[in-house]
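First residue of the sequence shown: 4, per the working numbering; consecutive thereafter.
Quick reminder that beta carbons are idealized off the backbone N, C-alpha and C, glycines included.
What follows is one structure encoded as structure tokens, with my remarks underneath.
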Amino acid sequence: MKNINKFLSLGIIGCAAISITGCRDDWKGMNVDEPTIAIATPVQLLSTAQQKASPFYYTQRFYGWPSYLRLSQMAGFTGSYTEGNVLANPGTSDCVVDALKYVSAMDYELGLMNPEEAAKYEAYKQAVNVIAIFCGLQDSDTKGDIPYTEAGRALHGGTLTPKYDVLQDLYTLWNSELKNAVNVFKNPPVAPLQVANADIFFGADWNKWAKFASSLRVKLATRLIHRDLALAKSIVSEAVADGVMSTADDDLLFFRGDEYYGDGGSNKTVSYWGGAASAKVTNFLLKNRDPRLRFLFSKNDWNAKIVNYYLQNGYKDIIPAFIMERAEIEPDGAKFKFVKWKDEFGGNLWARYIGLPDQYNATNERDDVNRSYFHYGNTPKDGGHQITVGTSTYSWLPYSLMNEYMIHPDFDYTAPRAPGDEASSSDHNSDFPRHDLWMSSAEVNFYLAEFAIYGTNGLGNANDYFKKAVEQSVRVWDKMADKNHVPYYHETYGYSDDDISIALQDGEVQALLERPDYKLTGNNADDLEKIFLNMEIHFLYIPVEHLVTARRSGIPKFGSNLIARVDYSANSIPVTILGRRPNFGDVSDADKMYDNIVEAYNRQGFTFPITDPRTTLTNSERLWQDVGAPQWGEGPNVGI
4 MKNINKFLSL GIIGCAAISI TGCRDDWKGM NVDEPTIAIA TPVQLLSTAQ
54 QKASPFYYTQ RFYGWPSYLR LSQMAGFTGS YTEGNVLANP GTSDCVVDAL
104 KYVSAMDYEL GLMNPEEAAK YEAYKQAVNV IAIFCGLQDS DTKGDIPYTE
154 AGRALHGGTL TPKYDVLQDL YTLWNSELKN AVNVFKNPPV APLQVANADI
204 FFGADWNKWA KFASSLRVKL ATRLIHRDLA LAKSIVSEAV ADGVMSTADD
254 DLLFFRGDEY YGDGGSNKTV SYWGGAASAK VTNFLLKNRD PRLRFLFSKN
304 DWNAKIVNYY LQNGYKDIIP AFIMERAEIE PDGAKFKFVK WKDEFGGNLW
354 ARYIGLPDQY NATNERDDVN RSYFHYGNTP KDGGHQITVG TSTYSWLPYS
404 LMNEYMIHPD FDYTAPRAPG DEASSSDHNS DFPRHDLWMS SAEVNFYLAE
454 FAIYGTNGLG NANDYFKKAV EQSVRVWDKM ADKNHVPYYH ETYGYSDDDI
504 SIALQDGEVQ ALLERPDYKL TGNNADDLEK IFLNMEIHFL YIPVEHLVTA
554 RRSGIPKFGS NLIARVDYSA NSIPVTILGR RPNFGDVSDA DKMYDNIVEA
604 YNRQGFTFPI TDPRTTLTNS ERLWQDVGAP QWGEGPNVGI
């Protein structure tokens, strides 16, 4: 953990510029003499800003993420799609204020220097500012107007009641500031102290910072397509001319340096809110042999040895039907034995990835199929697959969960075992510090494919960008599974023969790109659907971006032959009561920001608070960037 200690040391120094009292609390017991942490250099401020800024923090994973997936319908839920799981309003993001504290601290520290000395650190200043823009863009995706220009500056003479900036004005500001940052990064002054490994993101490679800043301009442009498409296209043209993230070397994938996930400590997220694979998504990925299926979702528990145990011990008739259809079995005397997973289901590499159906209120359905999914732990007479051996009972998860280990690499894992083969200890019990993915060349190339269809000047062929994006998406999630030590990537635990490595294999990407579902044909509506679907798959673990993509595209759409949205209007849940913005609660009179908050909500036309969960207001009263976007399930309405 030497790297973790290095980051902590930088954090001690960096946070001193933000709040000495806070640092005393954060670092108490570390025996650091207070005078040594009273000053922060610009280099140290960048390091600490990178470590403290957390767009994908624990509480957002726990509360916001499931709401986004409910709205997009790109995940399944262990409690099925009940009214509570269908009716949803997006959760909010809170990233920018912490980032802005470091912008303020940087301005303060540079203000103590003479102008000539301060100018040497301009690239560091711009880097911290770009981090704040990244967070500001994400927070405004869920809130609209946010405090920005006056926020995070109270310690250095600013106000404790910063104004809410108008979102349109922020987009203009951010676009201008990112252009300026690119110019600085391309011609960086030489600072007196260049510590490459103090820049956790890019190792003080300012060319990569320039590409990141230009790519953020492209991301910003995607928010404008329904309000000012001409401006959006112009921004993309300029950004591409300046140079954007285009290869894996440009990806902002970095060693986070913490063992646990943000504020969550040892708490899991996915298993608590029941995040599982959706059958319509897994079926699409399985049909096309898309390797992202193996990285984004976990194997189910029904390995070859467990299936064989049921067959050999008289339990054949209670194996779930959807497990049996994938298994090739043969008679073995008076019994049966497992031979292999059928080739049509992908054999050992693919057959154990099974998603949950989208049937409404399926936990209350008593048919055999739904009970096999949602009541698998019951006894056979109650529709489950539980068996009793001696004094112990056993049941196994028949479907795939979203992969907790992609965001929580430190958790233990024990491979499922048949009765009598219980593990004496966890198979996977090492603490692996987490890696984060903020932005990738895959994301940028998906955007460029989209904007090529819109006819943006300076762009090439949409299909070329799309193919590159799909390949880069597969490879970056393979890399994330590798670096975060997802079970079955590095180790297969030596128990069941079908537990082979999930790592990307030679030739898989090339074969995927030959699939019709992964080729653009020139039909704009069909091509945009393929682009947006792949974006949403790519963003399954990048929560707010997943929401934004689904919201601005209307994908998945009803009636699709790729991944079709399910219509729950027959269950009295039309799409018009599915939220597109948060349900902002009442504002306390005691809140110092009361006047600013109320003014901002009223300016944006938001009703608050709303007590009726079936209201249409969170759907019709939209954030500025969402006005004009398609309704859930309608499909794209730009570039068609």
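Hey, quick one: how far does the alpha helix (DSSP H) through E532 stretch, first residue to last?
527 to 541
Return the chain-ordered list of same chain residues with a C-beta closer than 8 Å to the C-beta of I643, the five sequence neighbours on each side being excluded.
N527, A528, L531
Anticipated Cβ contact below 8 Å, V551 with D144, distance rounded:
5 Å
Do you know offhand how far A235's Cα is from E368's?
Cα-Cα distance, rounded: 48 Å.
Taking its Cβ as the centre, do 16 or more other Cβ atoms sit within 10 Å of E120, making it buried, or is it exposed?
Answer is exposed; the Cβ neighbour count stays below 16.
Decide if P612 is buried, meaning its Cβ has at least 16 other Cβ atoms within 10 Å, or exposed.
Burial call: exposed.
Note the first and the last residue of the continuous beta strand (DSSP E) segment covering L255.
255 to 258
Within 9 Å, strictly: CB atoms of A279 and F80:
yes
Smallest Cα separation from G161: which of H411, A108, K146?
A108
For the region 281 to 309, which segments carrying the alpha helix (DSSP H) assignment without a break, of at least 4 residues, lie completely within its bounds, in sequence order?
Considered as a whole, the region 281 to 309 harbours 282 to 290, 295 to 299 as its complete alpha helix (DSSP H) runs of no fewer than 4 residues, in chain order.
CB-CB under 7 Å to Y397, same chain, minus the five flanking residues each way: which ones, in chain order?
Q389, I390, P422
Given that a residue counts as buried once 16 or more other Cβ atoms are within 10 Å of its Cβ, and exposed if not, what is D335?
exposed
In this structure, what does DSSP give as the bridge partners for F341?
I332
What separation, rounded to the nearest whole angstrom, lies between the Cα atoms of Y66 and I410?
Cα to Cα, Y66 sits roughly 15 Å from I410.
Between which two residues does the beta strand (DSSP E) containing H438 stretch?
438 to 442
According to the neighbour-count rule (16 or more other Cβ atoms, all chains shown, within 10 Å of its Cβ), is I15 buried or exposed?
Caution is warranted here: a pLDDT of 37 is assigned to I15, below 50, making its placement in the model unreliable, and the coordinate value is therefore given only provisionally. Counting Cβ neighbours within 10 Å, I15 comes out buried, since at least 16 surround it.
Rounding to the nearest angstrom, what Cα-Cα distance links K290 and R518 in this structure?
Rounded to the nearest angstrom, the gap between the Cα atoms of K290 and R518 is 10 Å.
Hey, how far is the Cα of A632 from the Cα of A472?
24 Å
Kindly give me the distance between the Cβ atoms of W627 and Q171, rounded to whole angstroms, as I take these residues to be in contact under 8 Å.
6 Å
Neighbourhood of V131 by C-beta distance below 7 Å, restricted to the same chain and skipping five residues each side
L48, L49, A52, Y105, V106, M109
Once DSSP output is grouped into helix, strand and coil, what is the label at E637?
coil
From I23 to S96, what distance separates their C-alpha atoms?
Any answer about I23 is weak, because its pLDDT of 35 lies below 50 and its placement is not dependable; what the coordinates show is given next. If I take the Cα positions, the gap works out to 26 Å.
Do K128 and L113 have their C-beta atoms closer together than 9 Å?
The Cβ atoms of K128 and L113 lie closer than 9 Å to each other.
Please look up how many angstroms separate the CB atoms of L462 and F454, rounded, as I've assumed it's under 8 Å.
6 Å
Could you tell me the boundaries of the alpha helix (DSSP H) in which Q326 lies?
The residue asked about is misnamed: residue 326 is Ile in this sequence, not Gln. Start and end: 324 to 327.
Taking the continuous alpha helix (DSSP H) assigned at I643, which residues delimit it?
No alpha helix (DSSP H) contains I643, which DSSP labels as neither H nor E.
So P93 packs on L74, CB below 8 Å; how close in whole Å?
Confirmed, Cβ separation roughly 7 Å.
Hey, how far is the Cα of S572 from the Cα of S375?
Going from the Cα of S572 to the Cα of S375 covers about 26 Å.
Closer than 6 Å by C-beta to A224: which residues in its own chain qualify, once you throw out the five before and the five after it? Chain order, please.
A235, I238, V239
How is T391 classed by DSSP in three states: helix, strand or coil?
strand
In this structure, does DSSP put P150 in helix, strand or coil?
strand
Report buried or exposed for V342, applying the criterion of at least 16 other Cβ atoms within 10 angstroms of its Cβ.
exposed
Spatial neighbours of T2 within its chain, please: C-beta separation below 7 Å, excluding the five flanking residues on both sides.
Because residue 2 is not part of the residues shown, which for the chain are 4 to 643, the question remains open.
Local Cβ density within 10 Å of G87, reported as buried at 16 or more and exposed below that
exposed
My output table needs one value for T175: the three-state DSSP class, helix, strand or coil.
helix
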